[in-house]
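First up is the structure itself, then whatever we jot down about it.
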Amino acid sequence: RMPFFAYAIRGSEDLKVVRERARRCRGLATVSLVRLDGASFRDAHEWLRTHCEVYAYRFEARRGELLTDDEAATGMSFILTKVRERGGLIYLSGSGSDEIISDYAMHGRAIYPHSCFKGVFPTDLSLNRFFPWCSFYKGSQRAFLMKEELTSGAHGIEGRYPFLDPDVVQEFLWLLPALKNSEYKRPIADFLRAHRFPNAWETKLGFKARDNLDAPVPAEVLSDPMLNHISPRAGNPSSVNENDRRDSAWA
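So that you can map any letter, position 91 of the sequence shown is 91 in the UniProt record's numbering, and since no number is skipped, the others follow by simple counting.
Written as structure tokens, this is what we have:
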């Protein structure tokens, strides 16, 4: 149980779930709800265009799009700026779970156009050259990993990808197809249920940093036990805005 920072941009997030998760993490994590305004989004976008290596997506649905023009990269960069100010050096990413576990699909219906096979796993992955599917190594897998790596690297932060650990991927591949196909991201859903962790079930929201751009307001810190845990080398807690240190009434 290691203390950590967790950030959510309001965007299209289910705020009830975000707040319930903050309550569950109380005593361990600093959980912040960031509310971007138009000016902050534009500034973060311009910073990324200036400091990030140029890379264009190659998969068909978004071919030629610069990663610096991806709103998710801008939102991520904005958050990592906050993290770096507080001494954070390692970023845990959920990247890869859509490509490996769900194929951007739910119950046989593609959620995004870059779904490879509508998320329906066959009985034998080796037949008809099914494996590796289009985004197992390449496609959106390669594109979004480049987005994560180059964006975090621009901030001097190391990105890590637990869902792409070879052992994790292999364990999923070994599951029976009936289990893989039984529920959206079934292994993750089982884990969250086992730990009674709040979740919006059977839902894919995506990271839409451009949605709900508000007037400038301070970030809401939903829980902040870490001010007593941060080492002097990790940043100066006294520099945190007093408005950002308060616990909200419902946290």
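Even for Gly, the Cβ is constructed at its ideal location relative to N, Cα and C. Predicted model, so just to flag it, every value in this text is computed and none were measured.
Which residue wins for smallest C-alpha separation from residue i, given the options the options?
{"i": "G64", "options": "R21, I100, A143 and T74", "result": "A143"}
{"i": "N181", "options": "V17, T123, R42 and E71", "result": "T123"}
{"i": "R109", "options": "K16, E183 and G27", "result": "E183"}
{"i": "L179", "options": "L127, L164, P198 and G119", "result": "G119"}
{"i": "T68", "options": "A44, F191 and A61", "result": "A44"}
{"i": "S152", "options": "K16, G11 and E53", "result": "E53"}
{"i": "G27", "options": "Q170, G206, T81 and A6", "result": "A6"}
{"i": "D103", "options": "S135, A73, S77 and L80", "result": "S135"}
{"i": "K204", "options": "G38, E60, L80 and H107", "result": "H107"}
{"i": "R49", "options": "R62, A73 and A105", "result": "A73"}
{"i": "L80", "options": "P132, L15, E149 and D37", "result": "E149"}
{"i": "L176", "options": "G38, R193, D165 and F121", "result": "F121"}
My guess is that residue i and residue j are in contact by the Cβ rule of under 8 Å, so how many angstroms apart are they, rounded?
{"i": "residue 253", "j": "Q141", "result": "Beyond the ends of the chain as shown, which are 1 and 251, falls residue 253; an answer cannot be given."}
{"i": "R35", "j": "R10", "result": "5 Å"}
{"i": "K147", "j": "D70", "result": "6 Å"}
{"i": "V17", "j": "A200", "result": "5 Å"}
{"i": "G75", "j": "F207", "result": "6 Å"}
Taking DSSP as the reference, what is the three-state secondary structure of residue i?
{"i": "G159", "result": "strand"}
{"i": "T30", "result": "strand"}
{"i": "E171", "result": "helix"}
{"i": "L125", "result": "coil"}
{"i": "M226", "result": "Residue confidence is low: M226 scores 47 on pLDDT, short of 50, so the model does not pin down where it sits. Its coordinate-derived value is still stated next. Three-state DSSP puts M226 in a helix."}
{"i": "A110", "result": "strand"}
{"i": "E71", "result": "helix"}
{"i": "E53", "result": "coil"}
{"i": "E148", "result": "helix"}
{"i": "residue 252", "result": "Nothing about residue 252 can be read from this structure; the chain reaches only from 1 to 251."}
{"i": "E65", "result": "coil"}
{"i": "L92", "result": "strand"}
{"i": "E99", "result": "helix"}
{"i": "V17", "result": "helix"}
{"i": "V83", "result": "helix"}
{"i": "E220", "result": "strand"}
{"i": "A105", "result": "strand"}
Spatial neighbours of residue i within its chain, please: CB distance less than 8 Å, with the 5 preceding and 5 following residues excluded, ordered by chain position.
{"i": "V83", "result": "F5, Y7, Y91, H155 and I157"}
If I measure Cβ to Cβ from residue i and keep anything under 6 Å in the same chain, skipping five residues before and after, which residues do I get?
{"i": "L66", "result": "A56"}
{"i": "D14", "result": "A200"}
If you drop the 5 nearest sequence neighbours on each side, which residues of the same chain put their C-beta closer than 7 Å to that of residue i?
{"i": "V169", "result": "I100"}
{"i": "L145", "result": "S95"}
Give a yes or no on contact between the region 31-50 and the region 8-22, applying the rule of three or more CB pairs nearer than 8 Å. yes
Contact between the region 74-91 and the region 154-168 (3+ Cβ pairs under 8 Å): yes
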